[in-house]
Amino acid sequence: MLRTIGLAALFMAWLPLARAQLAIEITGAGAQRIPIAIVPLAGEKVLPPGISTIVRADLERSGLFRGLELPPLTPEPNENSNVNYAEWRSRLADALVVGSVTPRPDGRFDANFRLYDVVKQKPIGGLGFTFAKEQVRVTAHRIADFVYEKLTGEKGVFSTRIAYVVKRGNRYELQVADADGAGQETALASFEPIISPVWSPDGKRLAYVSFENKKPVVYVHTLADGKRHVVANFKGSNSAPAWTPDGQRLAVVLSREGGSQLFMVNADGSGVRRLASSTAIDTEPRFSPDGQWIYFTSDRGGSPQIYRMPAGGGEPQRITFEGSYNVSPRISPDGKTLAYITRNSGKFQVALLDLSTRQAQILTDSEHDESPSFSPNGRMILLATVIGGRGVLSAVSSDGRMKQRLSTAAGDVREPAWGPFVE
Amino acid sequence: MRAITVSAIACAVLLGACATTSEDQKPAPTESATKPPSTTTQPVKPSGVTPVEAGKPTATSPFAVLKDPNNILSKRSVYFDYDKFEVKDEYRKLVEAHANFLKANPSAKMLIQGNADERGSREYNVGLGQRRADSVKKMLTLLGAREDQIESVSLGEEKPVCTAATEDCYAKNRRGDMLYNGEY
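Taken in order, these protein sequences are the chains called A and B.
According to this note's numbering, the residues represented by the first sequence are 1460 to 1882, in order.
According to this note's numbering, the residues represented by the second sequence are 1212 to 1395, in order.
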């Protein structure tokens, strides 16, 4: 029943998040949202802001849920309490989350929760976690992922991470944060530009382009230990890295043989070989999720357009036809749609092309959109745009109905990349 | 009621979840393409003392002309039209002078940094900047410079000299800069 609820309702809210430097503002229209009662977990007050608060913020930010306002409940229900379905129905809840947080002798905590379908009057499932104090947010995101998946049928992305570049003055930082913008960490700081970060399929490494040598050079950077190595530093420019779906190799753009051309290179920098040959700018390669195709931007037809060719090389086919500037191709995780940037009456906006019907739809109304990036479940597209002269991150649902904005108090944010699911 | 709760399964996952990061990038301050003139000679005083700055090119060094504001070689920038990469006629003399300098000084090396204005995709703009740098390089080699003296690279839209969103600014940023070894 819950799975078939349609999507469409208005939603305007500020959701300020404690400790988050990237604040999230939801500005768009959401769906007919599932009303859900997320009862504060019994005993969660010892870990502010409370796991239930983070779970609710996650679910509401998806645009698919509406957290119900609840009066103080005595006694505090937990995962073992009997559920009075009639009472929760009268509060208009379709779903209910109850649980508890218990301190352990070793200083860590146990969190247990259970999710109920109030309409069908039956439990859906539950989980238990043991976690340290610093892992409150990670734990809450995992609970939100569980609830989201059980009630919508698709995987949640609350425990995934995003990467982006912040520019403050002449300082550039490559940062990684939770999908809600909290818990950001700086992976790399430089006084020269950093662009085009892309996550390895296992979520452990980032490939990117750094200008620290007065020219673009491609690096691979392991996040856990901060170790990085050069993947491509040939004569000329080295840019636009894209991982193969198996994480073994990268497509890159090199000018070492003249022009900007597509090459393949192993992730350790060995085995470079040319992939294609043209007299045009060929750049921004991306592999389809099945690894069969490389989508890329090329101006071989006179204006920059999106093409694709077999991943092993071969005859390119043109994909975009409308307009004179279509760039930055990104394939959805299911391989069925293509997000890209189109110039529309002088405005650079995110468009989505259905690859089977060839129907394109513009999803944003901003003017300086760049670098679209799908969430790993395909529901949202993260992008960089400019608002009030400042670079901010924005997200739009792939149906175009809901929009979010992530901005930071100081500096320009750009070059977002949404990381993969992490197990 | 059926017990569905699973306990303590995510512990190991959670412990491994938080990646540490490091900051291993040393500051790399930018050197601008047009540096101020280095040595300024004072008029010779009655005592006959000429001030000398150690470590700077002397007037007899062939590279000194590169810094002489009265010499065309002190000019290093070639500007391009929107979406174009051909070197315009007005810059031919400048490129020719640098080609002659590279010919006359076989040990001289040059880095050409191509640039684009901020509009559109960063990576496509890397491509446009590369095309502009390649175009300057091609003209230099046609005029007699050795191919291995020159590296052409792109900074895309990343190093604007002018940051306003105006046509004037965009024009200043569509640029190729010629830098000699020691200047980058």
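The C-beta atom is built at its ideal place from N, Cα and C for all residues, glycine as well.
The structure displayed is predicted, hence computed values, not measured ones.
Residue closest to residue i, alpha-carbon to alpha-carbon, out of the options
i          : options                                           : result
Val1557(A) : Arg1550(A), Gly1566(A) and Arg1573(A)             : Arg1573(A)
Met1321(B) : Gly1331(B), Lys1295(B), Val1372(B) and Lys1349(B) : Lys1349(B)
Ile1875(A) : Tyr1544(A), Gln1764(A) and Arg1620(A)             : Before going on, a small fix: residue 1875(A) reads as Pro here, not Ile. The shortest C-alpha separation from Pro1875(A) is found at Arg1620(A).
Thr1681(A) : Ser1736(A), Ala1726(A) and Pro1530(A)             : Ala1726(A)
Ile1497(A) : Gly1526(A), Gly1730(A) and Tyr1607(A)             : Gly1526(A)
Tyr1667(A) : Asp1565(A), Ser1511(A), Leu1709(A) and Leu1586(A) : Leu1709(A)
Gly1522(A) : Thr1512(A), Asn1543(A) and Arg1492(A)             : Arg1492(A)
Tyr1381(B) : Tyr1391(B), Asn1392(B), Glu1368(B) and Gly1393(B) : Glu1368(B)
Arg1333(B) : Gln1863(A), Ala1699(A) and Val1577(A)             : Ala1699(A)
Ile1800(A) : Arg1733(A), Val1624(A) and Asp1824(A)             : Asp1824(A)
Chain A residues whose Cβ lies nearer than 8 Å to that of residue i
i          : result
Ser1346(B) : Simply none; closest approach about 11 Å.
Tyr1302(B) : Those do not exist, as Tyr1302(B) stays about 21 Å from chain A at its closest Cβ, beyond 8 Å.
Arg1342(B) : Gly1718, Ser1719 and Ile1740
Leu1322(B) : Lys1673 and Lys1674
Beta bridge counterpart(s) of residue i as assigned by DSSP
i          : result
Ile1790(A) : Leu1797(A)
Trp1658(A) : Leu1665(A)
Asn1697(A) : Leu1713(A)
Tyr1290(B) : Arg1386(B)
Ile1621(A) : Ala1636(A) and Trp1877(A)
Gly1850(A) : Val1845(A)
Asn1803(A) : Lys1806(A)
Ile1581(A) : Here the sequence assigns Lys to residue 1581(A), which means Ile is not the residue at that position. DSSP lists Asp1576(A) as partners of Lys1581(A).
Thr1589(A) : Asp1569(A)
Ser1757(A) : Asp1741(A) and Gln1764(A)
Ile1361(B) : Met1321(B)
Where residue i sits in the DSSP three-state scheme
i          : result
Ile1778(A) : coil
Asp1379(B) : helix
Met1350(B) : helix
Ser1540(A) : coil
Asp1604(A) : helix
Thr1241(B) : Any answer about Thr1241(B) is weak, because its pLDDT of 33 lies below 50 and its placement is not dependable; what the coordinates show is given next. Thr1241(B): coil per DSSP, three-state reduction.
Leu1529(A) : coil
Asp1741(A) : strand
Gly1340(B) : helix
Glu1882(A) : coil
Ser1272(B) : coil
Phe1312(B) : helix
Ser1511(A) : helix
Cα-Cα separation, residue i to residue j
i          : j          : result
Phe1722(A) : Pro1562(A) : 54 Å
Pro1831(A) : Val1657(A) : 12 Å
Ile1840(A) : Phe1274(B) : 53 Å
Thr1703(A) : Ala1691(A) : 16 Å
Arg1664(A) : Ser1288(B) : 38 Å
His1309(B) : Gly1859(A) : 53 Å
Glu1535(A) : Pro1835(A) : 36 Å
Glu1297(B) : Arg1596(A) : 55 Å
Gly1870(A) : Asn1672(A) : 24 Å
Ala1327(B) : Pro1775(A) : 27 Å
Asp1637(A) : Glu1651(A) : 25 Å
Arg1303(B) : Met1389(B) : 14 Å
Glu1503(A) : Val1881(A) : 26 Å
Gly1432(A) : Val1711(A) : What the structure shows of chain A is the stretch from 1460 to 1882, and residue 1432(A) is not part of that stretch, so it cannot be assessed.
Gly1689(A) : Ser1363(B) : In the sequence on display, residue 1689(A) carries Val and not Gly. About 19 Å.
Val1724(A) : Val1731(A) : 4 Å
Ser1243(B) : Ala1819(A) : Here the model assigns Ser1243(B) a pLDDT of 33, short of 50, so the residue's position is not dependable, and the following value carries that caveat. Near 44 Å, if we compare the C-alpha coordinates of Ala1819(A) and Ser1243(B).
Ala1554(A) : Ala1501(A) : 18 Å
Val1616(A) : Phe1605(A) : 10 Å
Phe1524(A) : Arg1567(A) : 30 Å
Tyr1395(B) : Leu1814(A) : 46 Å
Gly1294(B) : Glu1613(A) : Looking at the sequence shown, residue 1294(B) is not Gly but Asp. Those two C-alpha atoms are separated by around 44 Å.
Thr1241(B) : Ile1653(A) : In this prediction, Thr1241(B) has a pLDDT of 33, which is less than 50 and means its spatial position is unreliable; what the coordinates show is noted afterwards. One C-alpha to the other measures close to 14 Å.
Ser1511(A) : Asp1565(A) : 23 Å
Ala1843(A) : Glu1632(A) : 15 Å
Lys1694(A) : Ile1821(A) : 39 Å
Tyr1623(A) : Glu1546(A) : 45 Å
Within chain A, the residues that residue i reaches when beta carbons sit closer than 7 Å
i          : result
Glu1362(B) : Lys1694 and Gly1695
Tyr1395(B) : Lys1673
Partners in chain B for residue i, counting only beta-carbon separations shorter than 9 Å
i          : result
Thr1742(A) : Ser1332, Glu1334, Tyr1335, Val1337 and Gly1338
Ile1654(A) : Arg1333, Glu1334, Val1337, Gly1367 and Glu1369
Ile1800(A) : Gly1331 and Ser1332
Glu1608(A) : Correct list: empty, because the minimum Cβ distance to chain B is about 14 Å.
Thr1756(A) : Ser1332, Glu1334, Tyr1335 and Gly1338
Partners in chain B for residue i, counting only beta-carbon separations shorter than 8 Å
i          : result
Lys1862(A) : Here the premise fails: no neighbours, minimum Cβ distance about 21 Å.
Phe1880(A) : Per Cβ cutoff of 8 Å: no residues; Phe1880(A) is ~12 Å from chain B at best.
Ala1699(A) : Glu1334 and Val1337
beta-carbon residue i near the ligand MG non-hydrogen atom, thresh 6 Å
i          : result
Phe1524(A) : Looking for the ligand MG in the displayed structure turns up nothing, as the structure carries no ligands at all.
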